[in-house]
Amino acid sequence: MSFAAIFVPNFPVEAVLRLEPELRSRTVAVLEGKPPLQKVVGLNENSRCAGLEIGMTRLQAEAWTDVVLRCRSALQESAVHAALLDCAQSFSPRVEDTACDTVVLDISGMESLFGPPAKLARDLARRASDLGVEANVAVASNPDAATVTARGYSGVTVIPPGQEHERLGNLSLEVLFANQNEERNQFLDTLERWGIRNLRAFAALPEMAISERLGERGVYLQKLARGATSRTIVPVDPPLVFEEVVELEYPLVLLEPLAFLLNRLLEQICTRLSARALATQELRLKLELGRGALDWTGEDARPSTFFTRTLRLPVPMLDAKVFLKLLQLDLQANPPGAPIKKIWLSAEPAKARTVQGGLFLPPSPEPEKLELTLARISGIVGEGKVGSVELLDTHRAEGFRIQHFTPAAPESKKSKTYGGFDKNAAVTALRIFRPRLSATVTLRDGKPALISCPKKKEVQGEVIWQAGPWRSSGDWWQQTPWARDEWDIALQTASGVALYRLVRDLLAGRWFVEGTYD
Amino acid sequence: MSSLLVCAQPATGRPEAFLAREGPALLLKHLSAVPRLSRVTPASRLEVRPAPETVSSGIAEIDTLTGGLPRGCLTEIYGTASSGRTSLLLSTIAAATRREEACALVDVSDAFDPQSAAAAKVDFKSLLWVRCGPDSKKNSPPRHGGTEKYSSSQPDRSPRAWEPCLEQALKTTDLLLQSGGFGLIAIDLGDIPPSAARRIPLTSWFRFRRAVENTPTVLLVLGHAPCARTCASLLLRLEGQLSAIRPQLSARKIPEHAQLLQGLSLQVELVRSRLERKPAQSDHTVLQTRTAWTG
Numbered sequence: 001m002s003f004a005a006i007f008v009p010n011f012p013v014e015a016v017l018r019l020e021p022e023l024r025s026r027t028v029a030v031l032e033g034k035p036p037l038q039k040v041v042g043l044n045e046n047s048r049c050a051g052l053e054i055g056m057t058r059l060q061a062e063a064w065t066d067v068v069l070r071c072r073s074a075l076q077e078s079a080v081h082a083a084l085l086d087c088a089q090s091f092s093p094r095v096e097d098t099a100c101d102t103v104v105l106d107i108s109g110m111e112s113l114f115g116p117p118a119k120l121a122r123d124l125a126r127r128a129s130d131l132g133v134e135a136n137v138a139v140a141s142n143p144d145a146a147t148v149t150a151r152g153y154s155g156v157t158v159i160p161p162g163q164e165h166e167r168l169g170n171l172s173l174e175v176l177f178a179n180q181n182e183e184r185n186q187f188l189d190t191l192e193r194w195g196i197r198n199l200r201a202f203a204a205l206p207e208m209a210i211s212e213r214l215g216e217r218g219v220y221l222q223k224l225a226r227g228a229t230s231r232t233i234v235p236v237d238p239p240l241v242f243e244e245v246v247e248l249e250y251p252l253v254l255l256e257p258l259a260f261l262l263n264r265l266l267e268q269i270c271t272r273l274s275a276r277a278l279a280t281q282e283l284r285l286k287l288e289l290g291r292g293a294l295d296w297t298g299e300d301a302r303p304s305t306f307f308t309r310t311l312r313l314p315v316p317m318l319d320a321k322v323f324l325k326l327l328q329l330d331l332q333a334n335p336p337g338a339p340i341k342k343i344w345l346s347a348e349p350a351k352a353r354t355v356q357g358g359l360f361l362p363p364s365p366e367p368e369k370l371e372l373t374l375a376r377i378s379g380i381v382g383e384g385k386v387g388s389v390e391l392l393d394t395h396r397a398e399g400f401r402i403q404h405f406t407p408a409a410p411e412s413k414k415s416k417t418y419g420g421f422d423k424n425a426a427v428t429a430l431r432i433f434r435p436r437l438s439a440t441v442t443l444r445d446g447k448p449a450l451i452s453c454p455k456k457k458e459v460q461g462e463v464i465w466q467a468g469p470w471r472s473s474g475d476w477w478q479q480t481p482w483a484r485d486e487w488d489i490a491l492q493t494a495s496g497v498a499l500y501r502l503v504r505d506l507l508a509g510r511w512f513v514e515g516t517y518d
Numbered sequence: 001m002s003s004l005l006v007c008a009q010p011a012t013g014r015p016e017a018f019l020a021r022e023g024p025a026l027l028l029k030h031l032s033a034v035p036r037l038s039r040v041t042p043a044s045r046l047e048v049r050p051a052p053e054t055v056s057s058g059i060a061e062i063d064t065l066t067g068g069l070p071r072g073c074l075t076e077i078y079g080t081a082s083s084g085r086t087s088l089l090l091s092t093i094a095a096a097t098r099r100e101e102a103c104a105l106v107d108v109s110d111a112f113d114p115q116s117a118a119a120a121k122v123d124f125k126s127l128l129w130v131r132c133g134p135d136s137k138k139n140s141p142p143r144h145g146g147t148e149k150y151s152s153s154q155p156d157r158s159p160r161a162w163e164p165c166l167e168q169a170l171k172t173t174d175l176l177l178q179s180g181g182f183g184l185i186a187i188d189l190g191d192i193p194p195s196a197a198r199r200i201p202l203t204s205w206f207r208f209r210r211a212v213e214n215t216p217t218v219l220l221v222l223g224h225a226p227c228a229r230t231c232a233s234l235l236l237r238l239e240g241q242l243s244a245i246r247p248q249l250s251a252r253k254i255p256e257h258a259q260l261l262q263g264l265s266l267q268v269e270l271v272r273s274r275l276e277r278k279p280a281q282s283d284h285t286v287l288q289t290r291t292a293w294t295g
């Protein structure tokens, strides 16, 4: 049996650095607590080297001039944890959620898929790095040994079976404990008084003596130090929730900096989806908005408002650049209107699209490109003015609505029926005047004889031919009834004869020119 | 003809004269001897550009006249009101959607009638309708049932008032051409006054022609007067005939209350076609359209 452990050192700091990778080379400290009682709970290597320590107050940490202080974010940490699970799940179906910063996976039998354990461990570390997390990866013959090794050694470590005792011996005693608590401190104090400094010395102690002095817990820890524990992992099935969160230190007002953050979030989500061989068909953006500058000083206690946008895609996609552009265009058309405090971005997972291309299929736009094009065109002509037509079940004029344009994928079987003429193809079309033109009509024997349309000079003069009236009405059972008489009229124009549709609104008693036959 | 044809400056620097009878061969020989010009292909040996693939317009008379609408080229259809331009456009769109091709209609004056398109058997799922308009939100279509919420004030129809719509149409067409994958892109300038349509820069038409080249897209421009000028590979002029209603006018047997508009009688003229090596002579055909209610 082989197990791999992924451990994220300095977990609170990694959660911050994942969304701000430019801070990796700087001194970063993570604070927790309510102001002014904030304390340092996380440090990166630079800050440790600079002399900062866990437990310092904010005031003490600020004594270092170049230190970057960030508040701890539970939401960001849970996103990192979810990313870790996704990373592990992409390599093995048997994944144990050991701790918030540790994941163990069973890699037995995975050699044929991913190669030897060393390669798999390297791939795991690379995948975690792609997800924005710098993690230690260790492979050992039991899950606890792998976990302890990952805590103790940075980078990728592979322990061959039977060498756990030897390789773990150099590690300090702290790696035996996942968290800092009273038991840990008491245990470490005891061993320090005994002169025990590393796992090799602890493992060499007689088991009976340990049992007498430290009890059952001590025996377990000694087995851990020897790499000799044995247990079965508890596999979890991580929920398919792909959500990334950013809690901002300062409010965002402009869309341009927001785009940078959205880009990072989208890249993370796309990497996670890709790790699970999934795509998305729906993106949800939720912004927590502040009430203004006062809100950030804490003087304005009014509750925040939320701004939500949902981006529905016609087909499952997985392209962060396309998503970003779509979100940008959407936000330009519908700006939040207030400073942004917090950003949630989630993706609804969907099965990735598979397309079988064909040499003889008719041309069809690529869905990704088409979505971008439609969004851009919407930005030019306005929302709701681009799409395909859906006719409504009514005889009312303008009985249609616009819906999202999603061309159906051409089918090769149908493509054989190309060509040929429809016998009834040459249908006389009507060109609608929008808005319809109001007209003054003179009647003779109850028929239009003379028409004048002030807004369209061509539509005036004597009616040389008319047909009608064609009466229609409807929706009298609703609040918006309609009734109209339609006339088809011909007018002599300078260039010939023009045919128009003249409408009399029976309810309003007004004449309109609805369009021209063309 | 024995006159002096060419006086070239060969590599030797000594001018030589060529006679018409042996001139071309001698000239080629001399040019090929010049190292700088050795790779230049003579125009007489250039490959003939292959004729573009054509597709049906959906109307047999038009296809007989033109040989079909060329892919990768700009086709322009123009005519006055009631000349049948829109009927031809809808037939072309219907034919393209029957071929399962995605189509786009850039409707500059927002004049598209979905009922007419349905009668022409256009598959709406394959048709992208872009409604241009200066005040998009105010003129947005009714969402349900077609309650007309348009402003009662009529828009200004001066040529300058169309500029925003034309700008939107040009930008939209650019995007659609760049996007690719459409079998037909139609720009409807049917209600745009010729004075406004002529304001479209010639560079835009050149750009469109270049963008559509070597693609399977048919770029169709519908207008009141020709505006794409030399960029149009196929130019059709449509004209309505008084005979569209004349039979009914002369049909005294039909009582006045039973008059019915049955369709249009159209004359189609092929003004220009660049599909062949030699430009086609002007040619005509006549076709009839029918109204949706005549069955």
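Heads up: the protein sequence lines correspond to chains A and B, in order. Be aware that the first sequence starts at 1, since it is given in the numbering used here, and climbs by one per residue. Be aware that the second sequence starts at 1, since it is given in the numbering used here, and climbs by one per residue. All C-beta atoms in this analysis are idealised placements derived from N, C-alpha and C, irrespective of residue type, glycine included.
Per-residue burial, residue i [other beta carbons within 10 Å of its own, 16 or more giving buried]
i, result
"A:Pro-448", "buried"
"B:Ala-197", "buried"
"A:Tyr-250", "exposed"
"A:Ala-74", "exposed"
"B:Ser-297", "Residue 297 of chain B falls outside the range modelled here, since chain B spans only 1 to 295, and no answer is possible."
"A:Glu-77", "buried"
"A:Ser-112", "exposed"
"A:Val-253", "exposed"
"A:Phe-7", "buried"
"A:Ala-397", "buried"
Residue i: first and last residue of the uninterrupted alpha helix (DSSP H) it sits in
i, result
"A:Ala-347", "Run containing A:Ala-347: none in the alpha helix (DSSP H); it sits in the beta strand (DSSP E), 340-351."
"B:Gly-23", "23-33"
"A:Thr-102", "No alpha helix (DSSP H) contains A:Thr-102, which is instead part of the beta strand (DSSP E) from 102-106."
"A:Pro-469", "Run containing A:Pro-469: none in the alpha helix (DSSP H); it sits in the beta strand (DSSP E), 460-474."
"B:Glu-167", "163-179"
"A:Ala-4", "Careful: A:Ala-4 lies outside any alpha helix (DSSP H), inside the beta strand (DSSP E) at 3-7."
"A:Thr-149", "143-152"
"A:Arg-184", "182-194"
"B:His-284", "First-last for B:His-284: 283-288, but that is the beta strand (DSSP E), not the alpha helix (DSSP H)."
"A:Arg-484", "Note, A:Arg-484: premise wrong, no alpha helix (DSSP H); beta strand (DSSP E) at 482-493."
"A:Ser-378", "367-381"
"A:Arg-584", "Given that chain A is displayed from residue 1 to residue 518, the structure contains no residue 584 of chain A and the question cannot be resolved."
Chain-ordered neighbours of residue i on chain A, where CB pairs are closer than 9 Å
i, result
"B:Trp-129", "Lys-385, Val-386, Gly-387, Ser-388, Val-389, Ile-402, Phe-405"
"B:Gln-267", "Those within 9 Å of B:Gln-267 in chain A number zero; the least Cβ separation is about 10 Å."
"B:Gly-133", "Val-381, Gly-382, Lys-385, Arg-434"
Run of the beta strand (DSSP E) containing residue i, from where it starts to where it stops
i, result
"A:Glu-212", "That residue, A:Glu-212, is in no beta strand (DSSP E); its alpha helix (DSSP H) goes 207-226."
"A:Asn-263", "Looking at the DSSP string, A:Asn-263 is not in any beta strand (DSSP E); the run it does join, the alpha helix (DSSP H), is 255-275."
"A:Leu-120", "Counting along the chain, A:Leu-120 falls outside any beta strand (DSSP E), though it belongs to the alpha helix (DSSP H) covering 117-130."
"A:Glu-243", "242-252"
"A:Lys-286", "278-289"
Interface residues of chain B facing residue i [CB-CB closer than 9 Å]
i, result
"A:Lys-369", "Gln-178, Ser-179, Gly-180, Gly-181"
"A:Asp-66", "Simply none; closest approach about 47 Å."
"A:Gly-496", "Thr-80, Ala-81, Ser-82, Ser-83, Glu-239, Gly-240, Gln-241, Leu-242"
"A:Gly-357", "Within chain B, no residue comes near A:Gly-357; the closest Cβ sits about 13 Å away, beyond 9 Å."
Residue i Cβ short of 6 Å to the ligand COA heavy atom set
i, result
"A:Thr-373", "In terms of ligand content, the structure shown is empty, and the ligand COA therefore cannot be addressed."
Integer-rounded CB distance, given that residue j should sit under 8 Å from residue i
i, j, result
"B:Gln-262", "B:Thr-294", "5 Å"
"A:Gly-227", "A:Glu-164", "3 Å"
"B:Leu-128", "B:Ala-104", "4 Å"
"A:Asp-488", "A:Ala-429", "That belief does not hold up - the Cβ atoms of A:Asp-488 and A:Ala-429 are roughly 14 Å apart, past 8 Å."
Chain-ordered chain A contacts of residue i [CB-CB under 8 Å]
i, result
"B:Leu-31", "What B:Leu-31 touches in chain A: nothing, since even the nearest Cβ is about 43 Å away."
Under 7 Å from the C-beta of residue i: neighbouring residues of chain A
i, result
"B:Pro-216", "Pro-363"
Chain B residues whose Cβ lies nearer than 7 Å to that of residue i
i, result
"A:Thr-57", "None at all; the shortest Cβ gap to chain B is about 54 Å."
"A:Glu-62", "Correct list: empty, because the minimum Cβ distance to chain B is about 51 Å."
"A:Thr-373", "Leu-175, Leu-176, Ser-179"
Closer than 8 Å at the beta carbon, the chain B residues around residue i
i, result
"A:Arg-376", "Leu-175"
(message) I'd like the ranges of any alpha helix (DSSP H) spanning at least 4 consecutive residues and lying wholly in the region 29-83 of chain B.
(response) 60-66
(message) I'd like the ranges of any alpha helix (DSSP H) spanning at least 4 consecutive residues and lying wholly in the region 200-235 of chain B.
(response) Within the region 200-235 of chain B, the runs of alpha helix (DSSP H) at least 4 residues long that lie entirely inside it are, in chain order, 202-212.
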